[in-house]
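14 is the number of the first residue of the sequence shown in this note's numbering; add one for each residue after it.
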Amino acid sequence: MTVGTGDSRGERGVGPRLALDLVGPSLAACLERAVEGFAEAFTDVHPSLQPTRRAIALAASTPAGLLLAVLEECLRCGADGEVAVGLAGARIDETGTLRAEVQVVPADDAHVNGVVPPLLSWHEVSLAPQADGGWVGRVAAR
């Protein structure tokens, strides 16, 4: 996974940037990597900080829609004063609903540096299966 960010104060546009390139053996693996990449892009969480888990169920009609729902969940966590740092037990049920546990840490903990932006504008969110059975996705936001 490739993670890229930037503070665009000196560039065109306003606010933080996010760029994620996702590659994984399954849809669930790419969604897990998206949460990790989102956290890495905006925060630095010390590994000694133990996350708590919250069950989530997210539905969408396409894999890219599920990816967007996961990213929006990361933003919701930020609005709730938490940083989503992982996704555990991710599975897609027969209805296309993602069932998982989002792993979160308190955003105001001394072991967390950085902040989750309150809002992002999604410019590209793609996720699709490949001929070899793996999955590839891309996220670009500002």
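Quick reminder that beta carbons are idealized off the backbone N, C-alpha and C, glycines included.
For clarity, every value in this text was computed on a predicted model and none was experimentally measured.
- Query: If you draw a straight line from the C-alpha of Arg155 to the C-alpha of Thr110, how long is it?
  - Reply: 27 angstroms
- Message: Just to confirm my understanding: we take Trp135, look at its own chain, exclude 5 residues before and 5 after, and list those with CB closer than 6 angstroms. What are they?
- Response: Excluding positions up to five away in sequence, the list reads Ala154.
- Message: Is the separation between the beta-carbon of Ala144 and that of Leu100 shorter than 9 angstroms?
- Response: no
- What whole-angstrom Cβ distance do Thr56 and Val129 have, given they're in contact under 8 angstroms? 7 angstroms
- Message: Please report the distance separating the alpha-carbon of Arg67 from that of Ala113.
- Response: Taking the straight line from one Cα to the other gives about 8 angstroms.
- Between which two residues does the alpha helix (DSSP H) harbouring Val117 extend? Looking at the DSSP string, Val117 is not in any alpha helix (DSSP H); the run it does join, the beta strand (DSSP E), is 110-119.
- Message: Assuming contact is defined by CB atoms lying nearer than 9 angstroms, are Ala77 and Val138 in contact in what I supplied?
- Response: yes
- Query: Closest by CA to Val123, which one among Ser61, Leu79, Val98?
  - Reply: Per the sequence presented here, residue 123 reads as Ala, with Val not at that position. Cα-wise, what sits closest to Ala123 is Ser61.
- Query: Secondary structure at Pro29, three-state DSSP: helix, strand or coil?
  - Reply: Of the three classes helix, strand and coil, the one that applies to Pro29 here is strand, per DSSP.
- Measuring CB to CB, does Leu80 end up less than 9 angstroms from Cys43? Result yes, Cβ atoms of Leu80 and Cys43 sit closer than 9 angstroms.
- Starting from the Cα of Ala97, find the closest Cα among Val58, Ala73, Thr108 and give me that residue. Val58
- By Cβ distance below 7 angstroms, which residues in the same chain neighbour Leu105 in space, the five residues on each side in sequence not counted? Per the sequence shown, residue 105 should be read as Ile rather than Leu. Correct list, in chain order: Leu40, Ala41, Leu111.
- N- and C-terminal bounds of the alpha helix (DSSP H) containing Ala123: Per DSSP, Ala123 belongs to no alpha helix (DSSP H) and is neither H nor E.
- Query: When DSSP labels each residue in this structure, what does Arg155 get in the three-state scheme?
  - Reply: coil
- Message: With H, G and I counted as helix, E and B as strand and the rest as coil, what does DSSP make of Leu140?
- Response: strand
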